[in-house]
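Here is the structure:
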């Protein structure tokens with residue numbers, strides 16, 4: 001479809017995106033090790049936040065258990081690489097396939113039996129917790145002791161996805177860029193508007209001939225598969241994975257905080273939100289350690305969430321856009337689930 | 344009507360939680376007809392449309408289009424067979440642009456290949472929608488939303504369009520505009536099932552009518568006869 005009125009702002013959007021990522025690449029070339037390692041985490045959670053965002057922000061399906069998929073990806077890469085020396089590329093692919101399948105089964109069973117909305121979200125938590133406990137008791141996968149990657153030799157090896165911190169920074173940057181661009185492309189595609197339609201009004205979409213059941217399973221599956229790719233890289237970056245950390249509730253929260261704080265259903269929201277929330281989380285963690293106040297970082301997370309929901313219910317990014325009027329917001333709008341909290 | 348009706352409904356029953364919304368409704372629509380189903384609130388008008396569309400399951404009876412029973416088919420199959428609906432309350436997607444709303448209507452297999460042309464003809468019919476194509480549908484006025492809902496149905500290249508109270512919430516002037524649109528769609532060859540509370544106007548528009556009360560058809564016949572029927576006049580026309 002031709003939409004001449006949109007083309008100018010389109011160019012601006014893609015140009016702005018390219019500029020942001022170019023700037024981040026420069027930052028990666030200049031910064032010290034601490035900044036690099038922190039931004040690597042930010043960018044990985046941007047990517048995973050984007051996959052979560054696809055599911056809720058566009059598809060209308062809430063997950064509070066994305067750690068399940070993150071963990072599956074991390075374990076797929078780690079088991080293949082550590083036990084059999086297989087390249088992480090294969091692990092990432094396998095992890096995505098398994099997580100996509102698990103996500104599809106979970107969604108199929110839930111929606112088949114009319115478990116929807118917040119009940120589906122509870123089910124995702126249960127599934128993640130179940131998997132965490134299962135992996136904790138699974139000796140082959142390292143059990144509670146986890147799995148450790150060999151310390152990197154320092155030499156960059158793209159085929160084995162090994163390298164120094166800067167190397168992983170650029171891997172994460174590439175993923176984040178793919179996540180942002182991919183969300184933008186998907187939300188403009190046929191799937192994009194069908195998913196937003198079923199998010200807005202499931203019955204109306206069905207009445208127009210949309211196979212909403214199939215599309216819901218599809219969006220959950222794609223979200224799960226992409227989250228697993230992020231998880232696989234996260235495991236490599238951290239050098240070790242443990243069920244409690246890679247499949248824990250904290251990961252599920254870290255995944256969703258970016259899009260919720262930054263702006264649901266938008267392409268840039270998760271990046272902006274992760275940039276704001278994750279460094280704060282780390283800083284408060286360090287401050288809490290220094291002051292002997294463990295848990296200060298969680299309190300900070302809670303405070304940020306409350307403030308955002310209270311004052312910027314659309315998230316930071318859409319509010320910024322509105323404030324500066326720099327970029328016309330695409331037809332996306334707010335998410336009903338979160339609006340109810342506000343009202 | 345003869346038995347080669349385009350849409351033939353026999354003894355259709357719909358029940359919600361044990362209570363019957365439709366108790367054996369039968370009706371016929373011939374190709375190219377414009378018929379109306381009138382009745383008060385709760386008479387089962389919306390249940391009839393939702394059941395034909397496959398949104399609510401029927402508990403008995405049959406719905407046949409061109410002789411094929413569709414009463415157990417899912418909604419998307421029924422849409423593919425050329426039955427579109429303009430739902431009560433319009434059910435537009437408020438957070439999507441006007442054009443995206445229309446494109447969803449046109450994403451059926453039967454309509455996809457010719458979507459750009461259909462879109463163009465919808466924009467010709469409703470110039471206002473073309474002006475507002477990039478606007479969020481939720482920001483349209485009530486009348487514009489009704490146009491959008493109708494345009495979205497046209498996008499699926501339907502044989503039959505079912506209208507569920509297209510006049511609801513509209514001013515009398517806009518109601519006349521809407522009924523004019525319904526009439527002109529029918530003149531372009533689309534078969535119309537019009538469900539309305541506005542008995543006088545819909546009987547004036549249609550060739551035949553059915554009166555629904557408590558989930559059953561209590562009267563049917565040519566619209567002229569119904570308009571002159573003393574029971575209809577007393578119950579619905581306030582004469």
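Residue numbers (my numbering), protein chains in the order written: chain E, 1 to 343; chain C, 344 to 582. Glycine included, every Cβ here is placed at the ideal spot set by N, Cα and C.
Could you check whether the Cβ of residue 469 (chain C) sits closer than 8 Å to any Cβ belonging to chain E?
At a cut-off of 8 Å between beta carbons, residue 469 (chain C) makes no contact with chain E.
Please name the residue or residues paired with residue 539 (chain C) in a DSSP beta bridge.
DSSP, once it has assigned bridges, lists C:381 as partnering residue 539 (chain C).
Which same chain residues, not among the five before or five after residue 387 (chain C), have their C-beta less than 6 Å away from its C-beta?
364, 365, 555 and 558
Since I believe residue 449 (chain C) is in contact with residue 591 (chain C) (beta carbons under 8 Å), could you give me their beta-carbon distance rounded to a whole number of angstroms?
For residue 591 (chain C) there is no data in the structure shown, the boundaries of chain C being 344 and 582.
Whether residue 59 (chain E) touches residue 96 (chain E) by CB criterion (8 Å):
Between residue 59 (chain E) and residue 96 (chain E), the gap from beta carbon to beta carbon reaches 8 Å or more.
In terms of residues, what are the limits of the beta strand (DSSP E) holding residue 553 (chain C)?
551–556
So, at 6 Å on beta carbons, what are the nonlocal neighbours of residue 230 (chain E) in its own chain, with the 5 sequence-adjacent residues on each side left out?
44, 47 and 48
So if DSSP puts residue 357 (chain C) in a beta bridge, which residue, or which two residues, is it bridged to?
C:365
So, does the CB of residue 129 (chain E) fall closer than 8 Å to a CB anywhere in chain C?
no
Would you mind sorting residue 544 (chain C) into buried or exposed? The rule is 16 or more other CB atoms within 10 Å of its CB.
buried
Along the chain, where does the alpha helix (DSSP H) that runs through residue 511 (chain C) open and close?
Segment: none, residue 511 (chain C) is in no alpha helix (DSSP H) and carries neither H nor E.
Listed from N- to C-terminal order along the chain, which residues in the stretch 175–203 of chain E have their beta-carbon within a distance smaller than 7 Å of any beta-carbon of chain C?
190, 193, 194, 196, 197, 200, 201 and 203
Excluding the 5 residues flanking residue 68 (chain E) on each side, which residues of the same chain have their C-beta closer than 6 Å to its C-beta?
Once the five neighbours on either side are set aside, the close Cβ partners of residue 68 (chain E) are 127, 128 and 131.
What separation, rounded to the nearest whole angstrom, lies between the Cα atoms of residue 542 (chain C) and residue 474 (chain C)?
Those two C-alpha atoms are separated by around 33 Å.
Contact with chain C by residue 5 (chain E), beta-carbon distance below 8 Å
The predicted model places residue 5 (chain E) with a pLDDT of 44, which falls under 50 and marks its position as unreliable, so this point remains unresolved.
Roughly how many whole angstroms lie between the Cα atoms of residue 120 (chain E) and residue 56 (chain E)?
12 Å
Residues in the same chain with beta-carbon distance under 7 Å from residue 101 (chain E), minus the five sequence neighbours each way, listed in chain order, please.
Around residue 101 (chain E): no qualifying Cβ.
Starting from residue 506 (chain C), follow the beta strand (DSSP E) in both directions and report where the run begins and ends.
503–507
Decide if the stretch 297–306 of chain E is in contact with the stretch 276–286 of chain E; the criterion is three or more beta carbon pairs, one per stretch, under 8 Å apart.
yes
Shorter than 8 Å from the beta carbon of residue 547 (chain C) to some beta carbon of chain E?
no
Exposed unless 16 or more other CB atoms sit within 10 angstroms - verdict on residue 311 (chain E):
Burial call: exposed.
Kindly indicate which three-state DSSP category residue 238 (chain E) falls into: helix, strand or coil?
helix
Does residue 207 (chain E) get closer than 8 Å to chain C when you measure Cβ to Cβ?
yes
Excluding the 5 residues preceding and the 5 following residue 257 (chain E) in the sequence, name in chain order all residues of the same chain whose CB lies nearer than 6 Å to its CB.
Answer for residue 257 (chain E): 277, listed in chain order.
Along chain C, in chain order, which residues have C-beta atoms closer than 8 Å to that of residue 210 (chain E)?
Under the 8 Å cutoff, chain C gives 419, 447 and 450.
Determine the contact status of residue 51 (chain E) and residue 189 (chain E), defining contact as a CB-CB distance below 8 Å.
Contact flag unset, no.
Under the DSSP definition of a beta bridge, which residues are partnered with residue 440 (chain C)?
C:479
How would you label residue 239 (chain E), buried or exposed, when you count the other beta carbons within 10 angstroms and need 16 or more for buried?
exposed
Give the straight-line distance between the Cα atoms of residue 462 (chain C) and residue 149 (chain E), rounded to the nearest whole angstrom.
Rounded to whole angstroms, residue 462 (chain C) to residue 149 (chain E) spans 56 Å at the Cα level.
With distances taken Cα to Cα, identify the nearest neighbour of residue 155 (chain E) among E:214, E:274, E:90 and E:167.
E:167
Output yes if chain E places a C-beta closer than 8 Å to the C-beta of residue 364 (chain C); else output no.
no
Identity of the residue in E:253, E:216 and E:271 nearest residue 305 (chain E) by Cα:
E:253
Between which two residues does the alpha helix (DSSP H) carrying residue 520 (chain C) extend?
515–530
Within 10 angstroms of its Cβ, does residue 484 (chain C) collect 16 or more other Cβ (buried), or is it exposed?
exposed
Interface residues of chain E facing residue 423 (chain C) [CB-CB closer than 8 Å]
209
What residues of chain E sit near residue 495 (chain C), judged by a beta carbon separation below 8 Å?
Ordered by position in chain E, the residues that pass the 8 Å Cβ test against residue 495 (chain C) are 208.
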